[in-house]
Amino acid sequence: MACASFAKLNASSSQWIAQQSFTQRRGSSTRLASRRVSLPIRAGAYTDELVQTAKSVASPGRGILAIDESNATCGKRLSSIGLDNTEPNRQAYRQLLLTTPGLGEYISGAILFEETLYQSTTDGKKFVDCLRGENIVPGIKVDKGLVPLPGSNNESWCQGLDGLASRSAEYYKQGARFAKWRTVVSIPCGPSALAVKEAAWGLARYAAISQDNGLVPIVEPEILLDGDHPIERTLEVAEKVWAEVFFYLAQNNVVFEGILLKPSMVTPGAEHKEKASPETIAKYTLSMLKRRVPPAVPGIMFLSGGQSEVEATLNLNAMNQSPNPWHVSFSYARALQNTVLKTWQGRPENMEAAQKALLVRAKANSLAQLGRYSAQGESEEAKKGMFVKGYTY
Ligand code: 13P
Numbered sequence: 241m242a243c244a245s246f247a248k249l250n251a252s253s254s255q256w257i258a259q260q261s262f263t264q265r266r267g268s269s270t271r272l273a274s275r276r277v278s279l280p281i282r283a284g285a286y287t288d289e290l291v292q293t294a295k296s297v298a299s300p301g302r303g304i305l306a307i308d309e310s311n312a313t314c315g316k317r318l319s320s321i322g323l324d325n326t327e328p329n330r331q332a333y334r335q336l337l338l339t340t341p342g343l344g345e346y347i348s349g350a351i352l353f354e355e356t357l358y359q360s361t362t363d364g365k366k367f368v369d370c371l372r373g374e375n376i377v378p379g380i381k382v383d384k385g386l387v388p389l390p391g392s393n394n395e396s397w398c399q400g401l402d403g404l405a406s407r408s409a410e411y412y413k414q415g416a417r418f419a420k421w422r423t424v425v426s427i428p429c430g431p432s433a434l435a436v437k438e439a440a441w442g443l444a445r446y447a448a449i450s451q452d453n454g455l456v457p458i459v460e461p462e463i464l465l466d467g468d469h470p471i472e473r474t475l476e477v478a479e480k481v482w483a484e485v486f487f488y489l490a491q492n493n494v495v496f497e498g499i500l501l502k503p504s505m506v507t508p509g510a511e512h513k514e515k516a517s518p519e520t521i522a523k524y525t526l527s528m529l530k531r532r533v534p535p536a537v538p539g540i541m542f543l544s545g546g547q548s549e550v551e552a553t554l555n556l557n558a559m560n561q562s563p564n565p566w567h568v569s570f571s572y573a574r575a576l577q578n579t580v581l582k583t584w585q586g587r588p589e590n591m592e593a594a595q596k597a598l599l600v601r602a603k604a605n606s607l608a609q610l611g612r613y614s615a616q617g618e619s620e621e622a623k624k625g626m627f628v629k630g631y632t633y
């Protein structure tokens, strides 16, 4: 029998609204044992808003445009088309993407790097306002990147928890409503139990802090494509990682209705001798998710991880051939930007064509979210893989 007992407020914006005591029946005896179990249930000041934000990002036929490359990674994108890594060039590229007319039909959220969150168009309109005008929720990358994890098999851990609460509060003021934290797990490196635990714990602490400050956390333990292992090995590692992530999310009282996930698809390693079909990838990925992710989670927004644009879209389409317990969609960076960059080449006269190229990819993925995509007529460029060994973001 359960009875609600008392409510307690903490010093921050969170409220611990209830602690329930259970009297448990033990053994076959009808005597009630007096063992009491406390179950704290957390409801923060932002809970309703978080649930609403997550729902609007996970809305039918839409997904996330990820353009949160750090300055260094954005520099690599720009140098691939012969541009210098300067702030005006980064701004011009992000302006092209974020001012694409009609983008909101296919895109529900955009993940920005801190620099972009505070930038405006050359006409002085804030990027966050451009997004809001298209009914796109602005998001922000909050992690501080990967560094070596001492005591592991040459693995890494993700920095950024120090000062995260105050940074998140500032990002919220600037208009961000969701956050992203990307950590990685490497299959060829083990992964070690230490690296998996560290990844999961970091994600859970970040998720709790984000929710406390009004940002829906995107939980992203990227299982890197690197390696020559078969798909079964990826499945095994993904199940282990997600089990641990959900264990710590629950321990940190994260509200599952107010998070989004950004998993890697379950595929063979990039150097494995055989490629898997979209149907096989969908089967393995959905089995893993169904075993590990509660239906309370509103959305699964896959990363592309170095797959070609067409591959990433075909795989997503295969996952949406029958109903899923969650919205299954995309949060692609490379698989939405590759053709756009190649079309733009940094030339103002190519801007319109580049925006059209973005709409083509966004629409293809929107159709894939609805399970209605066909790869007929796709360009050769969109079929080129983008896998980079040991990729950093
Ligand atoms: P990709 O789709 O390029 O793998 O991007 C991953 C990511 O985390 C972007 O936010």
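According to this note's numbering, the sequence shown is numbered sequentially starting from 241. Even glycine gets a Cβ: it sits at the ideal position worked out from N, Cα and C.
Using CA atoms only, rank isn't needed, just tell me which of Glu618, Ile427 and Val628 is closest to Glu476.
Looking only at Glu618, Ile427 and Val628, the smallest Cα-Cα distance to Glu476 is reached by Ile427.
Is the number of C-beta pairs between the region 510–525 and the region 305–317 that are closer than 8 Å three or more?
Short answer: they don't touch.
Is the Cβ of Pro503 closer than 8 Å to any Cβ of chain C?
In the displayed structure, chain C is absent; only one protein chain is listed.
Going by DSSP, name the residue or residues bridged to Ala350.
Per DSSP, Leu305 and Pro378.
I need the straight-line Cα distance from Lys623 to Ser548, nearest angstrom please.
Looking at the two C-alpha atoms, the distance is approximately 5 Å.
Would the beta-carbon of Leu500 fall within 8 Å of that of Val436?
Against a cut-off of 8 Å, the Cβ pair of Val436 and Leu500 comes out as no contact.
Under the DSSP definition of a beta bridge, which residues are partnered with Met528?
Met528 pairs with nothing; no bridge assigned.
Does the region 605–613 come into contact with the region 561–575, if we say contact requires no fewer than three beta-carbon pairs (one atom in each stretch) closer than 8 Å?
Below 8 Å, enough C-beta pairs join the region 605–613 and the region 561–575 to call them touching: three or more.
How big is the Cα-Cα spacing for Glu289 and Lys513?
Whole-angstrom Cα-Cα distance: 47 Å.
Could you tell me the alpha carbon to alpha carbon distance between Ala516 and Ser504, rounded to whole angstroms?
Distance between the alpha carbons of Ala516 and Ser504 is about 15 Å.
Is any non-hydrogen atom of the ligand 13P found closer than 7 Å to the C-beta of Ala573, if you look at the structure I gave you?
The answer is yes for Ala573.
Please report the distance separating the alpha-carbon of Asn325 from that of His567.
Distance between the alpha carbons of Asn325 and His567: 36 Å.
Cβ-heavy atom distance, Ser544 to the ligand 13P, below 7 Å:
It does: the Cβ of Ser544 is within 7 Å (strictly closer) of some heavy atom of the ligand 13P.
With respect to 7 Å, is the separation between the Cβ of Asp383 and the closest non-hydrogen atom of the ligand 13P below this value?
With a cut-off of 7 Å, the C-beta of Asp383 is classified as distant from the ligand 13P, since no heavy atom of the ligand falls inside that distance.
Are there any heavy atoms of the ligand 13P lying less than 7 Å away from the beta-carbon of Asp308, as far as the coordinates show?
Yes, the ligand 13P has a heavy atom inside 7 Å of this Cβ.
Residue environment, Ser245, which counts as buried when at least 16 other CB atoms sit within 10 Å
Here the model assigns Ser245 a pLDDT of 32, short of 50, so the residue's position is not dependable, and the following value carries that caveat. Exposed is the call here.
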